[in-house]
Structure formats: structure tokens, C-alpha cells
Amino acid sequence: MQRSVEIKNRGLALRGMLHTPEKVQGKIPIVCMFHGFTGDKLGSHFMFVRLSRLLADNGIASVRFDFMGSGESDGNFANMTLSKELDDAKLILNYAKSLDFVDTDRIGILGFSMGGAVASMLAGDCKDDIKTLCLWAPAGNMAKIVIEGKSKADIEKVRKIGCYDLDGYLVGIDFIDDVLNLDIFDKSHSYDKNVLLIHGTKDASVPFSTSEKYLEIYETRGVLHSINGANHSFNSSAFENEVLDYTIGFLEGELNTVTERIHSFNS
Numbered sequence: 083m084q085r086s087v088e089i090k091n092r093g094l095a096l097r098g099m100l101h102t103p104e105k106v107q108g109k110i111p112i113v114c115m116f117h118g119f120t121g122d123k124l125g126s127h128f129m130f131v132r133l134s135r136l137l138a139d140n141g142i143a144s145v146r147f148d149f150m151g152s153g154e155s156d157g158n159f160a161n162m163t164l165s166k167e168l169d170d171a172k173l174i175l176n177y178a179k180s181l182d183f184v185d186t187d188r189i190g191i192l193g194f195s196m197g198g199a200v201a202s203m204l205a206g207d208c209k210d211d212i213k214t215l216c217l218w219a220p221a222g223n224m225a226k227i228v229i230e231g232k233s234k235a236d237i238e239k240v241r242k243i244g245c246y247d248l249d250g251y252l253v254g255i256d257f258i259d260d261v262l263n264l265d266i267f268d269k270s271h272s273y274d275k276n277v278l279l280i281h282g283t284k285d286a287s288v289p290f291s292t293s294e295k296y297l298e299i300y301e302t303r304g305v306l307h308s309i310n311g312a313n314h315s316f317n318s319s320a321f322e323n324e325v326l327d328y329t330i331g332f333l334e335g336e337l338n339t340v341t342e343r344i345h346s347f348n349s
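The sequence shown: position 86 = 168 (our numbering), numbered continuously.
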């Protein structure tokens with residue numbers, strides 16, 4: 083089952099979708115999903131939708147929101163910053179914890195691209211609340227991405243105008259300043275539970291080496307699965323299926339889903 087949900091942050095509405103198994107008995111696990119830069123709660127070629135449905139089939143609830151200023155949520159994209167998205171993510175985590183059917187000891191977090199950076203920082207800040215973490219092509223290198231190809235003069239020009247046009251998206255100077263003042267890897271390193279990283283070897287947006295850097299931080303707690311030949315968004319049916327297969331296997335194992343019980347409910 084799925085239904086639209088809404089929560090408030092800074093007086094504005096975050097809009098999302100909650101998925102639950104058809105029949106719920108007792109407390110069940112949940113996964114919070116975070117989309118990437120200029121993305122939304124559907125995910126690239128609807129990967130988040132498909133993942134939500136697969137999780138529900140395996141007895142795991144999930145929630146996926148549009149960050150403030152993205153998708154159907156309130157706010158303007160030009161006012162978006164990475165720190166504000168981290169604030170949104172903490173509110174989403176608290177919302178998941180508040181659901182009466184959720185086992186708060188079995189909460190997973192998943193993020194893609196910049197949403198992966200948000201997820202990794204959230205896990206570092208709230209490690210006692212998060213049972214496991216899955217990162218798809220996480221953009222821990224956001225500072226490098228933001229300044230790539232820009233001189234100091236370019237950034238000062240943006241500062242005077244207040245924003246710049248990126249393929250039709252107005253990106254504010256506050257976003258640039260915020261990213262340059264954040265050490266994503268440092269904020270992420272304290273997470274002390276198991277992490278699955280999935281990254282395409284041909285990713286031109288967030289280099290594969292970024293996940294290797296995360297792997298250094300997480301040490302033996304982390305596992306990096308490479309998708310050979312995949313780009314940033316895993317844009318083929320075969321790539322997508324591989325990502326989802328590994329993700330479902332990992333989350334099901336980490337969140338201790340009893341699939342036999344779920345299947346018996348549907349028989």
C-alpha cells in the first residue's frame with residue numbers, strides 16, 4: 083500500500099510517499115530514501131518507486147520525500163542548501179520514528195548522489211537511530227563539483243547576482259557557500275554500522291573514487307559494489323536491476339525481515 087504524506091519544516095510542507103506491506107503484524111522496519119541534486123522522490127527512471135514496492139513485497143516499509151524546493155514540496159530551489167537538506171532529512175527520520183508500526187531499532191537510510199551525501203552526514207549525526215546505511219553514487223565530493231570550472235571571479239559574480247542558471251535551475255550563492263564550508267566525509271565518518279556503497283565505474287558526475295574515499299572512512303564496516311560500465315544514474319535496465327538486487331539483499335539482511343511470515347500473510 084502507498085499513500086501521500088506531508089510534514090512541516092520551517093513553516094513549509096515537505097511532501098512524500100509512504101509505502102507499507104499489504105499486511106502488517108507487529109513492528110516492522112522502514113527505509114528513508116533521499117534523492118539527489120535537482121531530483122525528486124520518484125528517482126531517476128523511477129528507481130525509488132520500484133525500490134519502495136520491492137521493499138514492501140519483502141515486509142519493509144519506506145518513505146521518500148521531495149526535499150524543500152524540489153518536486154512537489156514547498157519552497158524555492160534557489161534557496162536550497164545542503165545543510166537545509168540535512169535538516170529536512172532529520173525531520174524525515176523523526177517522522178519515520180513516530181509511525182506506530184515502525185520498529186525504531188530497524189531503520190535504514192538510503193541516498194543517491196547528493197542525497198547520498200545527506201544520508202551519510204545524517205548517519206554520522208544520528209548513528210544511534212540508524213540501523214544500516216546504503217549509498218548510491220554518494221556525492222561526498224560536492225565542494226569539488228560546485229567549484230569545478232569556476233574561478234574566484236565567477237563565484238564573486240554569482241555572489242553579486244545572488245544565483246546562477248544551471249540548465250534552467252536557479253542555484254543560490256548560499257548553496258555554494260554552504261557546500262564549501264562543509265566537510266562531508268568528516269561529518270560522515272563516525273557512523274559505526276554496516277554500509278553498502280553502489281557506484282558505476284563510468285560515472286562522469288561523481289567519480290567512482292568518491293565511493294572509494296567513503297570506503298576508507300567506513301573501513302571494514304563498508305562494502306563497495308561496482309556496477310561495471312554504469313553511468314551516474316545507472317541508465318539501463320540491466321544496471322538498474324543490479325542496483326536494486328544488491329540493495330534489496332543488503333537491506334533485507336540488515337533489517338532482519340522474516341520473509342516467510344510475510345508470504346504466509348498473502349497466502
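Even for Gly, the Cβ is constructed at its ideal location relative to N, Cα and C. Given the structure is predicted, the values throughout are model-derived calculations rather than measurements.
Quick one: using the 10 Å Cβ neighbour count with 16 as the cut-off for buried, is residue i buried or exposed?
i: Lys226; result: exposed
i: Asp182; result: exposed
i: Leu355; result: This structure does not reach residue 355, given that the chain is present from 83 up to 349, and the question cannot be answered.
i: Asn317; result: exposed
i: Phe257; result: buried
i: Phe159; result: buried
i: Thr302; result: exposed
i: Ala320; result: exposed
i: Ala143; result: buried
i: Glu104; result: exposed
i: Thr283; result: exposed
i: Gly98; result: buried
i: Asn176; result: exposed
i: Asn338; result: exposed
i: Met83; result: exposed
i: Gly141; result: buried
If you drop the 5 nearest sequence neighbours on each side, which residues of the same chain put their C-beta closer than 6 Å to that of residue i?
i: Ser315; result: Ser126
i: Ala95; result: Glu88 and Asp156
i: Leu278; result: Cys216, Val305 and Phe332
i: Tyr300; result: Val277
i: Lys109; result: Asp185
i: Glu324; result: Ile309
Hey, how far is the Cα of residue i from the Cα of residue j?
i: Ile330; j: Ser270; result: 23 Å
i: Val245; j: Val253; result: The sequence given here has Cys at residue 245, not Val. The straight-line gap from Cα to Cα measures roughly 5 Å.
i: Gly121; j: Phe332; result: 24 Å
i: Glu294; j: Glu336; result: 22 Å
i: Asn310; j: Lys242; result: 43 Å
i: Phe147; j: Arg135; result: 15 Å
i: Ser152; j: Ser165; result: 15 Å
i: Ser287; j: Gly222; result: 12 Å
i: Ile237; j: Thr186; result: 43 Å
i: Pro111; j: Ala138; result: 10 Å
i: Phe130; j: Ile280; result: 15 Å
i: Lys239; j: Asp260; result: 17 Å
i: Tyr273; j: Ser233; result: 35 Å
i: Asp247; j: Thr163; result: 15 Å
i: Ile266; j: Ala219; result: 14 Å
i: Leu100; j: Asp268; result: 31 Å
i: Asp170; j: Glu154; result: 14 Å
i: Pro289; j: Ala235; result: 26 Å
i: Asn161; j: Phe128; result: 26 Å
i: Leu133; j: Thr102; result: 12 Å
i: Tyr251; j: Ser308; result: 30 Å
i: Ile255; j: Gly93; result: 22 Å
i: Ser291; j: Leu297; result: 10 Å
With 8 Å set as the bound, which would you pick, yes or no: does the beta-carbon of residue i sit closer than that to a beta-carbon of chain C?
i: Met83; result: Within the model displayed, chain C is absent; a lone protein chain is all it includes.
Leaving aside the five residues before and after residue i along the sequence, list all residues of the same chain whose C-beta is less than 8 Å from its C-beta, in chain order.
i: Leu168; result: Val200, Met203, Leu204 and Asp207
i: Lys172; result: Leu204, Asp207 and Cys208
i: Asp285; result: Ala219, Ala312, Asn313 and His314
Completely contained beta strand (DSSP E) runs for the stretch 190-260, where each covers 3 or more residues: Runs of the beta strand (DSSP E) spanning 3 or more residues and lying entirely within the stretch 190-260 occur at 214-218, 245-248 and 251-254, in chain order.
With a threshold of 8 Å, are at least 3 pairs of Cβ atoms found where one atom belongs to the stretch 186-193 and the other to the stretch 214-228? Yes: at least three Cβ pairs fall under 8 Å.
Closer than 8 Å is the cut-off here; do at least three beta carbon pairs connect the stretch 192-211 with the stretch 106-120? Contact between the stretch 192-211 and the stretch 106-120 is present, because at least three Cβ pairs lie under 8 Å.
Quick one: complete beta strand (DSSP E) runs, 3+ long, within the stretch 113-194? Taking 3 residues as the shortest admissible run, the stretch 113-194 contains the following complete beta strand (DSSP E) segments, listed from N- to C-terminal end: 143-147 and 184-194.
Where are the alpha helix (DSSP H) runs, 4 residues long or more, that stay fully inside the stretch 264-307, in chain order? Runs of the alpha helix (DSSP H) spanning 4 or more residues and lying entirely within the stretch 264-307 occur at 266-270 and 290-300, in chain order.
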